[in-house]
Each structure stands twice: as C-alpha cells, then as structure tokens.
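Peer 1: Listed in order, the protein sequences are those of chains A and B.
In terms of the working numbering, the first sequence is residues 1 to 221.
In terms of the working numbering, the second sequence is residues 1001 to 1221.
Protein chains: 2
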Amino acid sequence: MTTDAGAPAPSILMTLDQHHAARASAARLADEFGDRFDAETIERVLHDSFEQLAPSSRLPHFLPLLAERFARQRLQALARVGGETRGGVPAVLFLCVQNAGRSQMALGFLHRYAGDAAIGWSGGSHPAGEVSPVAIEAMAEVGIDLTREFPKPWTDDVVRAADVVVTMGCGDTCPVFPGTRYEDWEIADPDGMSVAEARVVRDEIERRVLHLLGTLGVAIA
Amino acid sequence: MTTDAGAPAPSILMTLDQHHAARASAARLADEFGDRFDAETIERVLHDSFEQLAPSSRLPHFLPLLAERFARQRLQALARVGGETRGGVPAVLFLCVQNAGRSQMALGFLHRYAGDAAIGWSGGSHPAGEVSPVAIEAMAEVGIDLTREFPKPWTDDVVRAADVVVTMGCGDTCPVFPGTRYEDWEIADPDGMSVAEARVVRDEIERRVLHLLGTLGVAIA
Chain A
1 MTTDAGAPAP SILMTLDQHH AARASAARLA DEFGDRFDAE TIERVLHDSF EQLAPSSRLP
61 HFLPLLAERF ARQRLQALAR VGGETRGGVP AVLFLCVQNA GRSQMALGFL HRYAGDAAIG
121 WSGGSHPAGE VSPVAIEAMA EVGIDLTREF PKPWTDDVVR AADVVVTMGC GDTCPVFPGT
181 RYEDWEIADP DGMSVAEARV VRDEIERRVL HLLGTLGVAI A
Chain B
1001 MTTDAGAPAP SILMTLDQHH AARASAARLA DEFGDRFDAE TIERVLHDSF EQLAPSSRLP
1061 HFLPLLAERF ARQRLQALAR VGGETRGGVP AVLFLCVQNA GRSQMALGFL HRYAGDAAIG
1121 WSGGSHPAGE VSPVAIEAMA EVGIDLTREF PKPWTDDVVR AADVVVTMGC GDTCPVFPGT
1181 RYEDWEIADP DGMSVAEARV VRDEIERRVL HLLGTLGVAI A
C-alpha cells in the first residue's frame, strides 16, 4: 500500500491547514527517526498514512495528527524489521475488522499491563470512522482511555515487525506471513452491543491479554 | 510432619463414626493409589492428614472427608515426586497464611482457566478453621464455588512436587526448596474486608493466575 518515491501526485487533496500540519509532523518524525531513515522515506510513509486514513476519517481537523501517529507506528515497525530494535521487548499486533472495538481494547490492556515491556499496535481490515463509543465507555469504566485512539488499516510493515499477530474476526482478510506467530481469538464484535454486553467482551479480552503476556515472558505491572 | 510406620498411637482420638469413615477413605485411596503405594503408606498419609486438620477443624462431621481429600492431594504429590507423572501438566502450589482467602481464590481461578491442563494445590502457614465467607461470596459472584474447600497446612511432599510455588503473605514461614520456581505475589489479605474490597483482591488474583498460566504455556479455557 505504500507509494514509492516516483509515485504520482497525491490522490487526496490536503487543505492548507492540513498541509501546514503535515510539515510540522514531518519535522517531528525527522527528529525521531532521522538517524535511521532519510527524509524521503519519512515523508513517503507520512503521506501514505494520510492517504490511508483520509477516506474513513470523520475528523478532518485531527487527520494530520492521526496520520503522524500512524506514520510513527509504521516507522517504528520498519526500524524493527530492519533489525535495529528486534531482540528487545516483544511486539504484538492486534487485528480485527474495524479497529474500532476489540483490537483497540486489547491494545489498551496491553499498554496497561505491559507498560514499556512490550510494544503494541492495532489495525483493522475495514477501518471504521471512529472508535466505537461503547468500547470507549466500557474501557473508561476500568480506567483506560481510548478517546485518543483511531481506526486504521494494517500495513505489511507493521505485520512483518510483529512477534505475535492476534486476529479477531478478520478471517481470510487477515494477513499471514510465514514465521510470525499467530493467535486467533474468537471474541464477539462489540459493534451494536449494549455497554453491559460490551463489558463481557472487554473482560474476555483482558483475560487473553494477560495470558498472552505470560506466554511472552512479559511481567505485568 | 509425617509419622512413620513405627510411630506411637494416634495423638488425636477419633470418634467411632470418624473411625468408620476413615476406613472407607482408606479403601477409596487404596483403589486409586494401590498400584503406586502400599497400604501402610496410604494409611500413614491419611492418618497424618487427619491429625493435621483436626486441631483447626470446626466441622468434626466433615473431618474424615476433608482428611481424605487432603491425603489424596498429598499422594498425588508423592506420586509426582516419584517421577510417575512429572513431565505431564505443570503443578502449581498457592500458599498464603490461612489458606482461607487468597490461595483458595487463586486455586479456584486456576481450575477454571486451566481445567485439566494444570494441577493446582493450596495451603497456608497458619490454616484457619474455614474458608473466609467473604472470599466465598466474592468468588460465588464470578461463578466459582469455594464452599467445598477447606484450609490446610502445606506439607513438604506437596511443595516438592510443585513446579511453581506462589506465595502470598506467608513471608519467612513460606517453605523454600532449591530448584523450585517461586513467585511472591503482593496481595492484601481479604480477611476482615468487605465484599466490595474483596472483589478487588479477587480480580487481582485472577489477573495474576491468567498471566501465570501463560508463562507455563497452559492454554486457557
């Protein structure tokens, strides 16, 4: 899905505000990743991230910020595949259909329990426009804030960089690369559920994340 | 703590009913363990179990039944140390002070999530007379029945047979054998807590058991 250096002009038009914001994003990412990637690579990943998020985004004001965060995740993943940080803490990628409920919840629990002792990413095969309100509410009840999260697709670079890929409901559309550990969790989609029903999903995901961290030898906080 | 074959007469007197019940227990245990232990060993473990439980038991009617269950656990452990079942599923021993709350809860969660894929035991450094009512209530809320459980001491045979010993609050009185994996969980004693407070303890124990099963490579149900 990434465009290469000689790709045609952007297929998504940016507003002037978005353009300014994207410049600032590129500068921040260059500060962080400039020792590992050249400016062209960083800009290409940032632009591609913007393009991938734009069609489903319902929040044009936040789009540059979300694209920057998506690009950061992908650059971290690229650095890992390049071997620079592999061998450190394990990286887990949670995938579901919309990246709006299950995979967001799982990532929230991974961050809570593993802290810096694991890297977590999430994505969906058909990203929704926003994180599901019922998922946000169920997670808020246990003190985990998903309001800053956003649905996004998975990208090959992130899948390749993950030590474990956990799939929830994406079925045949989930990516498979040889040599990666996969787990398929049968967990109902909270989309359209009441908060009471979503709590059951939330608790099941929490249990599985805790168990997963154990299998990875990651101590829990 | 075990008496040997030439030990003096029982220091705890049995009632006639208890004596009859003990005969039936010995027969059942001989059926189960007769191919691995001789009748004398089985009777000795059963009698010692009775003696260890009698001082703290508030339910004399149930004492023979509890002694039989305690003896069964110890004979299973002895068989494991003897190498007959080692190498199969992992065995975890949960220890706390009274074997009335934390270690009982942990064992309940181990049984729920591991099923037959792990062996679990529990014990206390100073066994109480009964499982804490607040622990029973908090666990009943999540569908785990502790009403059939009973506080008991740890015994060397069980400690030696465990692959992992989890200690909660027994401090210096907890047993330590070289070569055994130990984990110390800092978890408050629910003794004297309200049910609301005990729920927090329960949930923390659940999280740790799930993580532990992951570290042991035990799939969760």
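The beta carbon of each residue, even a glycine, is placed where N, CA and C say it ideally should be.
For clarity, every value in this text was computed on a predicted model and none was experimentally measured.
(1) In whole angstroms, give me the CA-to-CA distance for V209(A) and V131(A).
(2) Whose C-beta lies closer than 6 Å to the C-beta of L78(A) among residues of the same chain, with five residues either side of it excluded?
(3) How long is the line joining the alpha carbons of M1001(B) and R102(A), rounded to whole angstroms?
(4) Using a cut-off of 7 Å between C-beta atoms, extract the partners of L1063(B) located in chain A.
(5) Within 7 Å (strictly less), CB to CB, does G129(A) reach chain B?
(6) Is T1180(B) helix, strand or coil by DSSP?
(7) If you compare alpha carbons, which of G1171(B), G1192(B), P1190(B) is closest to Y1182(B)?
(8) For the ligand HEM, is there any heavy atom lying closer than 6 Å to the beta carbon of T173(A)?
(9) Determine the direct distance from the alpha carbon of Q1018(B) to that of I144(A), and round the result to whole angstroms.
(10) Following the continuous beta strand (DSSP E) through G108(A), name the residue where it begins and the one where it ends.
(11) Between which two residues does the alpha helix (DSSP H) carrying I1136(B) extend?
(12) Name the DSSP beta bridge partners of T167(A), please?
(13) Using 10 angstroms around the beta-carbon of H1061(B), count the other beta-carbons present and answer buried if the total reaches 16, otherwise exposed.
(14) Considering only residues of the same chain and omitting the five flanking positions on each side of H126(A), which have a CB-CB separation below 7 Å?
(15) Which one of F1150(B), M1139(B), R1207(B) has the shortest CA to CA distance from F1070(B)?
(16) 7 Å is my cut-off, CB to CB: does L1016(B) come that close to chain A?
(17) From the DSSP output, in three-state form, read off S57(A) for me.
(18) May I ask you to verify whether the segment 1107-1121 of chain B touches the segment 1210-1218 of chain B, counting CB pairs closer than 8 Å and requiring at least 3?
(19) Taking the Cβ atom as the reference point for each residue, do F109(A) and E206(A) lie within a distance shorter than 7 Å?
(20) Drop a sphere of 10 angstroms on the beta-carbon of G192(A), count the other beta-carbons inside from all chains shown, and report buried for 16 or more, exposed for fewer.
(21) Buried or exposed: where does G1129(B) fall if 16 or more other Cβ atoms within 10 Å of its Cβ makes it buried?
(22) How many Å lie between M1014(B) and L1029(B) at the Cα?
(23) If you check the beta carbons only, do A1162(B) and A1221(B) fall under 7 Å apart?
(24) In chain order, what residues of the same chain lie with their CB nearer than 7 Å to the CB of M139(A), ignoring the 5 residues before and after it?
(25) If we define contact as Cβ-Cβ less than 7 Å, is T1167(B) a contact residue for chain A?
(26) Which residues bound the alpha helix (DSSP H) around I205(A)?
(27) Distance cutoff 7 Å, beta carbons only. Does L1210(B) sit that close to anything in chain A?
(28) Less than 7 Å between the C-beta atoms of R80(A) and V45(A), yes or no?
(29) If you draw a straight line from the C-alpha of A1198(B) to the C-alpha of P1190(B), how long is it?
(30) Let me check understanding here. Comparing Cα to Cα, which of A67(A), L53(A), L59(A) lies closest to I42(A)?
(31) State yes or no: is the beta carbon of R227(A) nearer than 7 Å to at least one beta carbon in chain B?
(32) In whole angstroms, what is the alpha-carbon distance linking S1056(B) and L1063(B)?
(33) Hey, is I1220(B)'s beta-carbon within less than 7 Å of any beta-carbon in chain A?
(34) Alpha carbon to alpha carbon, how far is A22(A) from G48(A)? Give it in angstroms, no decimals.
(35) Between the beta-carbon of V1200(B) and the beta-carbon of E1137(B), is there less than 7 Å?
(36) Span of the alpha helix (DSSP H) holding S1025(B)?
Peer 2: Reading it off the structure:
(1) One C-alpha to the other measures close to 19 Å.
(2) D157
(3) A caution first: M1001(B) carries a pLDDT of 42, below 50, which makes its placement in the model unreliable, though a value can still be read off. Each residue's Cα considered, the two are about 52 Å apart.
(4) Within 7 Å Cβ-Cβ: nothing; L1063(B) doesn't reach chain A, min ~37 Å.
(5) no
(6) coil
(7) G1171(B)
(8) For the ligand HEM, the structure offers nothing, since it holds no ligand at all.
(9) 55 Å
(10) Premise fails: G108(A) lies in the alpha helix (DSSP H), 102-114, not in any beta strand (DSSP E).
(11) 1133-1140
(12) L95(A), D184(A)
(13) exposed
(14) V97, Q98
(15) When F1150(B), M1139(B), R1207(B) are compared, the shortest CA-CA separation from F1070(B) is found for F1150(B).
(16) Judged by the 7 Å Cβ criterion, L1016(B) is not in contact with chain A.
(17) DSSP places S57(A) in coil when its eight states are reduced to three.
(18) yes
(19) The criterion of a C-beta distance shorter than 7 Å is satisfied by F109(A) and E206(A).
(20) exposed
(21) exposed
(22) 19 Å
(23) no
(24) Same-chain partners within the cutoff: M105, G108, L146, R202.
(25) no
(26) 195-215
(27) yes
(28) no
(29) 5 Å
(30) A67(A)
(31) Past the boundaries of the shown model lies residue 227(A); chain A is included only from 1 to 221, so the question cannot be answered.
(32) 10 Å
(33) yes
(34) Note that residue 48(A) is Asp in the sequence shown here, rather than Gly. The alpha-carbon atoms of D48(A) and A22(A) are separated by roughly 12 Å.
(35) no
(36) 1016-1033
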